[in-house]
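I have placed the structure first, in the form of structure tokens, so that the comments after it can refer back to it.
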Amino acid sequence: MDPPPPKSWSIHTRPEIIQKYEILERVGSGAYSDVYRARRLSDNLIVALKEVHDYQSAFREIEALQILHNSPNVVVLHEYFWREDEDAVLVMEFLKTDLASVIKEAKKREGGGGGGGIGVGELKRWILQILSGVDVCHRNMIVHRDLKPSNLLVSDEGVLKLADFGQARILLESGYVASGENPQPYEEDPGEPLSQADAFRPSDITPDTDTSSQGGFRGQEHVTMSKEEYFKVLDELKSKNLDKDTNVQDGDTSCLATCTTSDREDDPFKSSCSFEAEEAGDNREGSLTSCVGTRWYRAPELLYGSTSYGLEIDLWSLGCILAELCTLQPLFPGTSDIDQLSRIMSVLGNLNEETWPGCVKLPDYRTISFNKVENPIGLEACLLNRTAEEISLVKKLVCYDPSRRATAMELFNEKYFKEEPLPVPLSELHVPSSKNGQDEDSPGGWYDYDEMDSDSDFEDFGPMNVTTTSTGFSIEFP
Ligand SMILES: Nc1ncnc2c1ncn2[C@@H]1O[C@H](COP(=O)(O)OP(=O)(O)OP(=O)(O)O)[C@@H](O)[C@H]1O
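Read in UniProt numbering, the sequence shown has 261 at position 261, and its numbers run on one by one without any break.
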């Protein structure tokens, strides 16, 4: 029998919750939350109760999940509890495993000679599900900002669902995202899930009529749009957003931008934010913080401090995830932001106007410079023994210039998914029975990215020369 959960958590003392749910155990903790497995007393449904300790994170998650309601590859929000001065509690469908565990198990099979890795048909099915989830977010102009294998939850049946929208933002017009009012308690009505009136809820935000005609901002209709049309819509929305932004503070909130010469005395990166940094940098006027996402999956524009990025940051993360599914190894497992960039450069080559027109305008472009990478190894070297089609898929996403990254919708139409071996049905996927190695004390299990905790870990670099420049410093790794 499970030991009783600790009673010190506030969720156990809230009558509105314990009247409806029996809390069974704590299944995980994140930067902003504790998540419990619970039983809904009315019908014994097993649910996840996510107690979110950060107002903004809770608001964003609720807002995004309501807009994405009924999307098959996004976790379902059944209900939420929201009261002033108390943590929000989100009641979600319970999904007992995730893609990180799928990868971990596949690796074990490979090591044990049990058939090896993830079969191509399986790989295709996993990828298609991820693309479907990312596509519906992006057609709703929602940038997830923290895509990684452990945020892709998996049901017993093999259905993959995007979760953890605590860092998500809706890239629509200013003032369109959240009014600052508190959402009111909300309960899913299966008949008309998002139609309750009266109080403000994030679901009261309706899409811009100009753009909804372009292809459905809700649900799962898959509208065929060329890349040009798709980006035209995105560009229109982005430029509308920018027109209204009179106060974009590029650089102020960046991870590296604050490294000035005066910061160098002790540790040149002491001012770097951690990968779980607070989002104080985001503002309602449209300037975004670059301190989002988990480092290994963080796009180069974020690492260089951009505060005016778009959906493309998710596409970079997606590319890293696809590569990881292919090789069962993280593509760029950086131990600090600088190490992250240097790993990327060793594969893709130096960042310059040729590889990414406009990169010199990135807030931190001149703050730090890297040695010239004479012979970048290329993505092929990271994807040994994978097919040309698989390498090409990853290349379409893992490229410097964000405007060159393929959209999720484009990737759907790749020949790769229509060729033999075809994507397997869900029933043929290897679904782990739990999150690997997970226990109460180590909710993240084997895959908890401990090594990413520090942003100022220079030990891995070996010798380096730090030179003061007029704008900051330059580091050379001889
Ligand atoms: N619906 C769910 N069903 C089962 N487990 C879940 C569910 N949602 C979250 N979890 C688990 O709870 C833990 C924390 O969840 P989540 O990642 O959403 O929180 P967070 O505070 O936003 O985390 P992070 O630090 O990764 O941003 C994770 O181990 C996750 O797998």
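Cβ coordinates follow ideal geometry from the N, Cα and C atoms, glycine included.
Residue-level contact to chain E via CB, residue i, 8 angstroms cutoff
{"i": "R109", "result": "Although the question refers to chain E, the structure presented lacks it and comprises just one protein chain."}
Span of the beta strand (DSSP E), counted from its first residue to its last, around residue i
{"i": "G334", "result": "Counting along the chain, G334 falls outside any beta strand (DSSP E), and DSSP gives it neither H nor E."}
{"i": "L162", "result": "L160 to L162"}
{"i": "A168", "result": "Here A168 belongs to no beta strand (DSSP E), and DSSP marks it neither H nor E."}
{"i": "L152", "result": "L152 to V154"}
Under the three-state DSSP convention, the category residue i falls into
{"i": "D34", "result": "strand"}
{"i": "Q220", "result": "Here the model assigns Q220 a pLDDT of 34, short of 50, so the residue's position is not dependable, and the following value carries that caveat. Residue state, collapsed to three classes: coil."}
{"i": "T355", "result": "coil"}
{"i": "S29", "result": "strand"}
{"i": "Y309", "result": "coil"}
{"i": "Y21", "result": "strand"}
{"i": "F81", "result": "strand"}
{"i": "V91", "result": "strand"}
{"i": "L397", "result": "helix"}
{"i": "V47", "result": "strand"}
{"i": "R295", "result": "helix"}
{"i": "R343", "result": "helix"}
{"i": "R404", "result": "helix"}
{"i": "T13", "result": "helix"}
{"i": "V74", "result": "strand"}
{"i": "S239", "result": "Low confidence applies here, because S239 scores a pLDDT of 47, under 50, leaving its location unreliable; read the following figure in that light. Helix."}
{"i": "I368", "result": "coil"}
{"i": "V360", "result": "helix"}
{"i": "E476", "result": "Note that E476 scores a pLDDT of 46, beneath 50, so its modelled location is shaky; the value from the coordinates is reported in the next line. Here E476 sits in strand by DSSP."}
Assigned exposure category for residue i - 16 Cβ within 10 Å defines buried
{"i": "P357", "result": "exposed"}
{"i": "P149", "result": "buried"}
{"i": "Q129", "result": "buried"}
{"i": "R83", "result": "exposed"}
{"i": "E157", "result": "exposed"}
{"i": "I377", "result": "exposed"}
{"i": "D337", "result": "buried"}
{"i": "P15", "result": "exposed"}
{"i": "V360", "result": "exposed"}
{"i": "K372", "result": "exposed"}
{"i": "K301", "result": "Reading off the sequence, residue 301 comes out as Glu, not Lys. Counting Cβ neighbours within 10 Å, E301 comes out buried, since at least 16 surround it."}
{"i": "L153", "result": "buried"}
{"i": "S342", "result": "buried"}
{"i": "A163", "result": "buried"}
{"i": "K50", "result": "buried"}
{"i": "Q340", "result": "buried"}
{"i": "K96", "result": "buried"}
{"i": "residue 479", "result": "Here the chain comprises residues numbered 1 to 478, so residue 479 is not present and cannot be evaluated."}
{"i": "A381", "result": "exposed"}
{"i": "P425", "result": "exposed"}
{"i": "P421", "result": "exposed"}
{"i": "D364", "result": "buried"}
{"i": "L384", "result": "exposed"}
{"i": "D314", "result": "buried"}
{"i": "K124", "result": "buried"}
{"i": "D85", "result": "exposed"}
Limits of the unbroken alpha helix (DSSP H) element including residue i
{"i": "L123", "result": "V120 to R139"}
{"i": "K104", "result": "L99 to G111"}
{"i": "L302", "result": "P300 to L303"}
{"i": "L41", "result": "Element bounds for L41: n/a, residue is neither H nor E."}
{"i": "E63", "result": "Y55 to I67"}
{"i": "G117", "result": "Neither: G117 is in no alpha helix (DSSP H) and is coded neither H nor E."}
{"i": "E419", "result": "Careful: E419 lies outside any alpha helix (DSSP H) and carries neither H nor E."}
{"i": "G378", "result": "G378 to C382"}
* Any 3 or more C-beta pairs closer than 8 angstroms across the stretch 131–145 and the stretch 18–37 -> Between the stretch 131–145 and the stretch 18–37 there are fewer than three inter-stretch CB-CB distances shorter than 8 angstroms, so the stretches are not counted as touching.
* **Three CB pairs or more closer than 8 angstroms across the stretch 99–111 and the stretch 29–45** => Flag = no, the stretch 99–111 and the stretch 29–45 do not touch.
* Asked: Do the stretch 66–84 and the stretch 388–398 make contact, defined as three or more Cβ pairs closer than 8 angstroms?
  -> Fewer than three pairs of CB atoms, one per stretch, sit closer than 8 angstroms, so the stretch 66–84 makes no contact with the stretch 388–398.
* Asked: If you pair each beta-carbon of the stretch 425–437 with each one of the stretch 330–348, do three or more pairs fall below 8 angstroms?
  -> Because the criterion of three Cβ pairs below 8 angstroms is not met, the stretch 425–437 and the stretch 330–348 do not touch.
* Give a yes or no on contact between the stretch 301–320 and the stretch 396–414, applying the rule of three or more CB pairs nearer than 8 angstroms. => Touching, per the Cβ criterion.
* Asked: With a cut-off of 8 angstroms, do at least 3 Cβ pairs link the stretch 73–87 to the stretch 44–59?
  -> Yes: the two stretches touch, three or more of their Cβ pairs being nearer than 8 angstroms.
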